[in-house]
Structures are given as structure tokens and as C-alpha cells.
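Accompanying notes for the structure given below.
Number of protein chains: 2
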Amino acid sequence: MTQDTIKADWIAVDWGTSNMRAWAMSASGTVLAEAGSDQGMGQLARDAFEPALLAVVRDWIDGPTTVIACGMVGSRQGWVEAPYATAPCGTLPDGLVQAPTTHPDLSVYVIPGIKQISPADVMRGEETQISGFLTRNPRWDGVICLPGTHTKWVHVSADEVVSFQTFMTGELFDTISRQTVLRHSIAADGWDDAAFSEGLDMGTSRPERLAARLFSLRAKGLLEGMSGSAARAELSGLLIGTELAAAKPYWLGQQIAVIGDSSLAKLYVDALATQAAPATQVNAPAITLAGLAAAYKRLKG
Amino acid sequence: MTQDTIKADWIAVDWGTSNMRAWAMSASGTVLAEAGSDQGMGQLARDAFEPALLAVVRDWIDGPTTVIACGMVGSRQGWVEAPYATAPCGTLPDGLVQAPTTHPDLSVYVIPGIKQISPADVMRGEETQISGFLTRNPRWDGVICLPGTHTKWVHVSADEVVSFQTFMTGELFDTISRQTVLRHSIAADGWDDAAFSEGLDMGTSRPERLAARLFSLRAKGLLEGMSGSAARAELSGLLIGTELAAAKPYWLGQQIAVIGDSSLAKLYVDALATQAAPATQVNAPAITLAGLAAAYKRLKG
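As C-alpha cells, this is what we get:
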């Protein structure tokens, strides 16, 4: 069966700032096909979303088709604004928001994000992953960590998001390693486990010293010939360690699940292990899809 | 007297990464003229330094002329590498390094920076400011803070640099406010004293929460309509507060001098005052010039 003969019963879409991914789904929840594009929310004007979606999924459409989408596609700058639900709240909020379309067979629904009033915080997309996780692990209580550009720590209990906190750790790593004086000291890739451990240890034990430790990476490159890959790993350890220190009220004594890209999630699991906090690693795309499927099921109810 | 009739007895130069500033000096230490350019070390190949200097100071030269320079001009990527002195050491290290020149009347000497072995750290340029400060305040014991892109805290005793530590606070402020998602929330200028105080209080009391507090600025913009200038001031307070928390072993119970650009130095003085740590503010260009003059005097003495 080639891709252009596939017809979807419905379509699942994960649409973030920098790219989008779509799955053709059967009524029973089987993945029939998968495709994506780099047409992320960040580069699309409001009326460019439908053409960008059709460019990826047009061949899957044969008659009226429902699309369920999550992520930044529902932000103020997205296809349609899906107002935040307010935590504490269920992970599958009511109120999917329909996006305006011109294609006669297309009905597009966007999942709202979740906001927290105090301290002020927001998520878009992660609520769907959490929903997918709880669909697979009903009545699970604990803390879910979703590492990424903006890492989230989410306290979940009784199938609700109780509270959450965002750390800009991933974006700080990218920005510091590419845009500051440390770009001369930090390699674009490569790794060093010992340097990661040293950074992690420093970050967890003396988190307040971050801005000073950053410049040490430059000085160690100049004075001790520290390699670019060791500096890269130490920076990662330093930032993740500092985050773990601040997120301690979340994870201490809790059941922990880490959802995310495999290598980054693995770093968090390893880092938590050093703090005597065992965590389960969960594959992200499958969980996102489970969350989108749960939203579809509820819509069709 | 117009500038092109001025003849210098010697020339003082402060040559950093992004620009250079030169002063025509009389033998008695009077400033006869001042000029500068944006030909910083960062954009110059080794053989481009002499032409860049002459473009600024050529008219001041009338017979053999000594130039004393400090800053990144002495780095490995500079005009000539002036190897670091090692702390603890005097603030006016021996071993000015002569740069290669082709102009028959020009003798250029570069002041070495200072390194610290453990924890690894380096300075270039600040040693000259400290030297200038001690020339004006002989036998001064205490801590000198030099705020900037890479803020230095320097413990000075018995006319020596005992130890120091660099914080990337200024560069983090620029990078975070311009290159991350916070660029949507932070204004390019504007200020809010209350927001600065709130950030400062948060940074000094809970320094380990920096990466989480950063994202709060985004969320407060989205959910509470926080203004871009308030977000800018709160970010500044947050970063300076976090730095003060980490630098506490330096400033606690010490005599403190803050050397730097007037508005930034003022923020540090105000921030230290909230920690019951009174500090004296010192004008930077005058102190740099005093340090260059001390080096010239020692060379000729």
C-alpha cells in the first residue's frame, strides 16, 4: 500500500513552534501513515495554516474528516486561539476550539493549553502528552517531567494537573552555547560523561553559582585546555543540576515519569538517579498520539 | 588649539573586544585629547591593529612615542599575546609585552591580564582599573566589583589581587532578553523600579530558581499583561540578585567599591544597599586612565 492510497478516519496533529507532525488514524486507533513538515506555527500567518496542513494530509482525506491538533497552533499567534484552561483542572479540558477552514471536508479542532494563575505559568501541547500518559496509566499520582526547550514539571493527582512549573533550561543551553562568549569554548556536538557529572554535581549542590560557573567553562578552556565536548557536557550538567535543585519540591518523594526525546529524557532520568529519585522514561511521540486519540474519542463521545 | 596640533608625550589606550579608546597624555599626566573607534579586538586580524591605532592617534605623534594599552588587545587573538600573571599578584604586573610595529616612532606595550588557577578564571583590562583604583586609594583593603558583560568580583589586600570571580550576568541579560522567547516579553528600554526590586528580592532569596523565574516573565506577560519595561527591570533584578547571592562570600563584611558605567554601577550599589552592604561608586574611564598612567610611570621609572 503506498501512502497516496491511505484514507484516514481521522487525523492527529502535533503542531509546535518550529514544525508539525501528522498521523492518519483508523477509527480503531491504528496509525495508518505518518508525515510532517517544517511549517511550524512560528512562521505561519493565520490564513497559512490550512494550506500548510493540506500540503501534508490532503491525500488522506476522502469525505468528511476530523483533525485533532495540539500545541502552539492554538496560541494567540496560531491558527485559532484556544483559551487556556486553568489549573487545577483535568488533563483533557472541555472546549476544543474549532479552527476556521475552507476545505469542505475538513473539521479542525484545537486542544486548549493550561495556565496557572500563581505563580503565573502556561503550557501548550504538554497537556496532551499528560493526557496520553494518564490514558495509559489511569489513576497515576506523581510528577511528570517533560524536558525540552521549556522543560515542565507537573504535579498530577486524581487525573488532574494540580500545579506545574516551567524552566527555560533547554533554551538557555542553546542560547548560552551558541550566542555568548562560551561559543568559543563549547563544541556543537560530542560528549563527556565525567564532565556532565561534574556539572550536575555543581548545579545540584550550589545552584546559586550558575552565572559564575558558566564563565569557568571559558576560563577552563583557556587555562586548562578543556575540550569543547567536555565543556558542552558540563554546561548541560550544570543547567540540569540547577533545575533539579529548584524543582526539588516537585520531585522529592514522588513517583516520577520523564516524557521526552530519548537522549534528553535519558539525561534527566540519570540525573534524578544521582539524587536517589528513580524515574520512568516514556517515549514522547506515542504518548502525544495517545493524548490526541483520547481527545478525539471524547469529541465523538 | 585644534586636535591636529596636539602632540602627545605618551598615549594611553583601552582596547576591548568591541571598541578602543585612546588618550593623548602629557608627561605630567594631563589628558591633552581623547579619541576612539569601533575597531575592537574582535574584528581585527593581527596585522590590522597598528593601522587601526594609527587611524586614531597618528596626528598626536611627533617623534618617538610610547603607547600603553590594556584589555583584549593582549589576548591570544589580539595584537600580541601578553601572558597572564597569576593571582595572588600585584595589580601592576611586571612584564609589559611589546607589540610588533612598523611605524618608526611607535613603541607599543600591552599590560598582561591576570589568571587564577583554581577555580579557573581570567581577567584582561580590569587589572588596570584595579591598579588605577589602588593608585588613588593606596593600602585600600576590600572587594572591588566591576559590573559589565562579564562582571568581576575581586578581593584586594596589601596592594595585591588575592582572588576573583567572574559572573556572566551582563551577557546573560543581553542574550536572554534578545535571543530567547523572552524577547517577545521584554522591551528594548524602559524601566520599573518596583519590578527591579521584586526581581532582586527573588534573586537574592531564591537564587536557585533562576531558570524557572525566567519563564515566569513570559507567563506574566501573557496572563497578567506585564509591561515590557517591567519585565526588563525584573530580569535585571533577578540576574543581579542571583549574582549577589553567589558572590556573598566576597562582599559580606567587606569594604566595597563598584567600578563601572554609571547607570549599571548604580544598580549594583543600590542592590548591595538592600543587603546592608554599603558600596562606593567609582567612575570607570578615569580609573582606567589612572591605571594606564601607573603602568607608564613604572615602565619609564
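Residue numbers (my numbering), protein chains in the order written: chain A, 86 to 386; chain B, 86 to 386.
The C-beta atom is built at its ideal place from N, Cα and C for all residues, glycine as well.
Values in this document were obtained by computation on a predicted structure and should not be read as measured data.
Asked	Found
Residues near A120(B) in its chain [Cβ-Cβ closer than 6 Å; skip 5 each side]	A107 and V141
Candidates T187(A), G386(A) and W336(A): closest to A362(A) by CA position	W336(A)
Cα-Cα separation between A243(B) and G175(B), rounded to whole angstroms	9 Å
Contact list for H235(A) against chain B, beta-carbon separation under 8 Å	V266 and F300
Stretch pair the segment 214 to 227 of chain A + the segment 374 to 381 of chain A: three plus CB contacts closer than 8 Å	yes
Residue span of the alpha helix (DSSP H) that contains I359(A), given as start and end	Looking at the sequence shown, residue 359(A) is not Ile but Thr. Here the alpha helix (DSSP H) through T359(A) covers S347 to T359.
Burial state of P149(B), where buried means 16 or more other Cβ atoms lie within 10 Å	exposed
Contact with chain A by T359(B), beta-carbon distance below 8 Å	no
Unbroken alpha helix (DSSP H) run spanning D259(B), endpoints	T254 to Q264
Interface residues of the segment 284 to 295 of chain B facing chain A [CB-CB below 7 Å]	P292, E293, R294 and L295
Minimum Cβ-Cβ distance from T220(A) to chain B less than 8 Å	no
Per DSSP, cross-strand counterpart(s) of D206(B)	Q201(B)
Where the beta strand (DSSP E) containing M105(B) begins and where it ends	M105 to M110
Reduced DSSP secondary structure (H/G/I, E/B, other) of V247(B)	strand
Own chain partners of A272(B) with C-beta closer than 8 Å, once the 5 adjacent residues on each side are dropped	S312, G313, S314, A316 and R317
Residue burial classification, A358(A) (beta-carbon count within 10 angstroms, cutoff 16)	exposed
Neighbour flag for A167(A) against chain B, beta carbons, 8 Å	no
Beta-carbon proximity check, L308(B) vs A205(A), cutoff 8 Å	yes
Interface partners of P204(B) on chain D, CB under 9 Å	No chain D appears in the structure shown, which is made up of the protein chains A and B.
Distance, S192(A) Cα to D147(A) Cα	13 Å
Range of the contiguous alpha helix (DSSP H) that encloses G227(B)	No alpha helix (DSSP H) holds G227(B); the beta strand (DSSP E) holding it covers G227 to L231.
Separation of A112(A) from A92(A), as counted between CA atoms	The displayed chain sequence assigns Lys, not Ala, to residue 92(A). Cα to Cα, K92(A) sits roughly 11 Å from A112(A).
Residue-level contact to chain A via CB, Q250(B), 8 Å cutoff	yes
Between the CA atoms of Q128(A) and S321(B) - distance to the nearest angstrom	30 Å
Close beta carbons around A137(B), own chain, < 8 Å, minus the five adjacent residues each side	M105, S122, Q124 and L129
Counted within 10 angstroms of its Cβ, other Cβ atoms place I202(B) as buried (16 or more) or exposed	exposed
S388(B) classed as buried or exposed, judged by whether at least 16 other C-beta atoms fall within 10 angstroms	Because chain B here runs from 86 to 386, residue 388(B) falls outside it and cannot be looked at.
Chain-ordered chain A contacts of L257(B) [CB-CB under 7 Å]	A296
Contacts of T176(B) in chain A (Cβ-Cβ under 8 Å)	Going along chain A, no residue has its Cβ under 8 Å from T176(B), so there is no contact; the nearest lies around 19 Å.
Coarse secondary structure for S270(B), derived from DSSP in three states	coil
Proximity test, Cβ basis, 8 Å: V207(B) and chain A	yes
Outcome for R388(A) when other beta-carbon atoms lying within 10 angstroms are tallied against a minimum of 16	Since the first and last residues shown for chain A are 86 and 386, residue 388(A) lies out of range.
Closer than 8 Å to chain A by CB, E319(B)	no
Inter-residue CB distance, E328(A) and T254(A) (contact presumed, cutoff 8 Å)	5 Å
DSSP three-state assignment for K305(A), whether helix, strand or coil	helix
As assigned by DSSP and simplified to three states, the class of T289(A)	helix
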